[in-house]
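Chemist: FYI, the numbering for the sequence shown is 1 to 100, going by full-length UniProt numbering. The beta-carbon is built from N, C-alpha and C at its ideal position, and this holds for glycine as well. Encoded as structure tokens, here's the structure I'll be asking about.
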Amino acid sequence: MIRPLDAQSRAELPRTLPLWSLAEGRDAIIRRFRFADFSAAWGFMGRVALLAEKLDHHPEWSNTWNRVEILLTTHDAGGLSARDVAMAQAIDAIEPGRIV
């Protein structure tokens, strides 16, 4: 069973994931990316997709031209879990090429 983040882990999120924020109205974290063009954004999404398959944890996301928005939550836990933190950290590690 996957458990939601405890209060201490939630309090550490700004330090642990400084580029992510809590999603408004959801027990989730969100990050917005901007790239040079659509191709760079799509390439990033491809790398994240491979990572999601490897970690068996799939994001909610959207893409408009050079922008990608990623929202992470764990439906099985009813909200944020350690899986979301791990996925966000892994995404942050593969983001070369982002311009904003």
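1. Buried or exposed: residue 5, going by 16 or more other Cβ atoms within 10 Å of its Cβ?
2. I'd like to confirm the pairing. Which residues does DSSP put opposite residue 34 in its beta bridges?
3. Using CA coordinates, which residue listed in 30, 50 and 34 is at the minimum distance from residue 60?
4. Could you give the first and the last residue of the continuous alpha helix (DSSP H) run that contains residue 10?
5. Please report the distance separating the alpha-carbon of residue 20 from that of residue 38.
6. Please confirm if the stretch 43-52 is in contact with the stretch 9-18, defined as three or more CB-CB distances below 8 angstroms between the two stretches.
Modeler: Considering the structure as presented:
1. The residue labelled residue 5 in the question sits at position 5 within the sequence shown. Result: buried.
2. Position 34 of the sequence shown, counting from 1, holds the residue named residue 34. Paired residues: 67.
3. Position 60 of the sequence shown holds residue 60. Out of 30, 50 and 34, 30 has the C-alpha closest to the C-alpha of residue 60.
4. Against the sequence shown, residue 10 aligns to sequence position 10. Element bounds for residue 10: 7-11.
5. Looking up residue 20 in the sequence shown gives position 20. Looking up residue 38 in the sequence shown gives position 38. Going from the Cα of residue 20 to the Cα of residue 38 covers about 22 angstroms.
6. no
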